[in-house]
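Written out below as structure tokens is the structure these notes cover.
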Amino acid sequence: MPATGLSATNIAQPTANPTSTTTYTVTVTGSNGCTATATVTINVNKTVPTADAGADKNLNCTTTSTTIGTAGVVGNSYSWSPATGLSSTTVAQPTANPTSTTTYTVTVTNAASGCTATDVVIVNVNTTPPTTNGGNGGTIPVHQIPLASRSEQPR
């Protein structure tokens, strides 16, 4: 019985925390001197997913939504927060349409290992229209364009 990863080797229910898949063997000796042996294998899967929320994005008066995140990986689940302005909080690449600058966090969980990873993306929103200055009189000169018109009578 390897002792690596065990809380103790001389108790009935030790805690096992191996760093890699390990097979433990336990031998029990009864008061009559008889022994029994059993084995148990602890499988360790520490697959850590990669979280990539993508590059920061900019929204303006003409670009009002954007896709955030990167392509999903089979076996991973995705959780985005906050939910405000997102098309979905459980897909790898939701569409973001916030009304103000928002920092989104994605948490990726690997189903097999339970390990998680997080990343953030900032969606900057600048929908302030440009301002104009009409000067002291409050008017803006408009260039005159000569127009020509023509009219014909039906024959």
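The opening position of the sequence shown corresponds to residue 1331 in the numbering used here, with each subsequent residue numbered one higher.
Glycine residues also receive a C-beta, built at the ideal position from the N, C-alpha and C atoms.
Fair warning: this is a prediction, and the values are worked out from it, not measured in the lab.
- In its chain, beyond the 5 residues on either side, D1382 and G1384 have a beta carbon closer than 6 angstroms to the beta carbon of T1400.
- Judged by pairs of C-beta atoms under 8 angstroms, the stretch 1427–1436 touches the stretch 1396–1414, as three or more such pairs exist.
- Per the DSSP secondary-structure output, V1438 pairs in a beta bridge with Y1408 and A1447.
- A distance below 8 angstroms between beta-carbons, with the five flanking residues on each side excluded, links C1391 to the following residues of its chain, in chain order: T1457 and P1459.
- The beta carbon of P1428 is closer than 7 angstroms to those of T1414, G1415, V1453 and V1455 in its chain, skipping five residues each way along the sequence.
- Taking C-beta atoms as the reference points, T1355 and A1366 fail to come closer than 9 angstroms.
- If you look at A1366, you'll find it in the beta strand (DSSP E) that goes T1365 to I1372.
- In the three-state reduction of the DSSP assignment, K1376 falls in the coil class.
- Annotation: T1394 to T1351 spans about 50 angstroms, alpha carbon to alpha carbon.
- As a beta-bridge residue in DSSP terms, V1455 pairs with L1389.
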